[in-house]
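*Asks:*
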Amino acid sequence: MIKINIVVCIKQVPGTTGIKIDPETNTLIREGIENIINPLDTYAVEEGVRLKERLGSDEKTGEAMKVIAMTMGPPQAEEILKEAISMGIDEAILVSDRAFAGSDTWATSHTLATAIEKIEECRLIIFGKQTLDGDTGQVGPELAQRLNIPYIG
5 MIKINIVVCI
15 KQVPGTTGIK
25 IDPETNTLIR
35 EGIENIINPL
45 DTYAVEEGVR
55 LKERLGSDEK
65 TGEAMKVIAM
75 TMGPPQAEEI
85 LKEAISMGID
95 EAILVSDRAF
105 AGSDTWATSH
115 TLATAIEKIE
125 ECRLIIFGKQ
135 TLDGDTGQVG
145 PELAQRLNIP
155 YIG
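With positions in the sequence shown counted from 1, the corresponding number in the working numbering is that position plus 4.
(1) Suppose only complete runs of 4+ residues qualify. What are the alpha helix (DSSP H) ranges in the stretch 101–142, listed by chain order?
(2) How should T112 be labelled, buried or exposed, when 16 other C-beta atoms within 10 angstroms of its C-beta is the threshold for buried?
(3) Please work out which residues of its chain come closer than 7 Å, Cβ to Cβ, to K7, disregarding the five sequence neighbours upstream and downstream, and give them in chain order.
(4) I need the DSSP call for I8, collapsed to helix, strand or coil.
(5) Starting from the C-beta of L136, find all residues in its chain whose C-beta is less than 7 Å away, skip the five residues before and the five after it, and write them out in chain order.
(6) So what's T46 in DSSP terms, helix, strand or just coil?
(7) To the nearest angstrom, report how far apart E95 and A148 are at their CA atoms.
(8) For A81, which option in H114, A105 and R150 has the closest C-alpha, if you only look at C-alpha atoms?
(9) Three-state secondary structure (DSSP) at I72?
(10) For P18, does the three-state DSSP call read helix, strand or coil?
(11) Taking the continuous alpha helix (DSSP H) assigned at A88, which residues delimit it?
(12) How long is the line joining the alpha carbons of D1 and V99, rounded to whole angstroms?
(13) Who does A96 pair with in a DSSP beta bridge?
(14) Does DSSP put E35 in a helix, a strand or coil?
(15) Out of M74, E83 and K56, which has the shortest C-alpha to C-alpha gap to A117?
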């Protein structure tokens, strides 16, 4: 059976505007703050699930579709992956290492691209428009350039 995988990249963001930055590490202070799935990423999750429901598997060709949520972040980012699974995602991948703390968009796109390259038959990668914390919208286009694949904004 041939597998067709859709990867949906999501990010954990603070669920408040009252965030503080650690002056020594230049990273978000996450203690005592509720973290949520970036709201614009929930649309990406919903679209990935809708695509699977609409296209599903094809008995004639033997193709089966799986939707995978991926996030790069600290261990507590596992919570947003659980939420994505409750929304219909089939599998979740947390890319986590202390070395990733404070990563900019370049480092994030590099790390996610490296992880995505390990997924067999990845045919589509979906991102939300941008994140509420960084508000750049750069990781998706940068990742597409790194993987040498088309990007649609």
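For glycine and all other residues, C-beta sits at the position ideal for the given N, C-alpha and C.
Quantities reported herein were computed from a predicted structural model and do not represent experimental measurements.
*Replies:* Taking the structure as given:
(1) Here the runs fully enclosed are 109–121.
(2) Result: buried.
(3) A68, K70, E124 and E125
(4) Here DSSP, grouped into helix, strand and coil, assigns I8 to strand.
(5) Listed in chain order, the non-local C-beta contacts of L136 below 7 Å within the same chain comprise V17, N42 and P43, local neighbours out to five positions each way being set aside.
(6) helix
(7) 22 Å
(8) A105
(9) Secondary structure of I72 (DSSP, three-state): strand.
(10) P18 falls in the strand class under three-state DSSP.
(11) E82 to S90
(12) Residue numbering for the chain in the displayed model covers 5 to 157; residue 1 lies beyond these limits and cannot be assessed.
(13) A73
(14) coil
(15) M74
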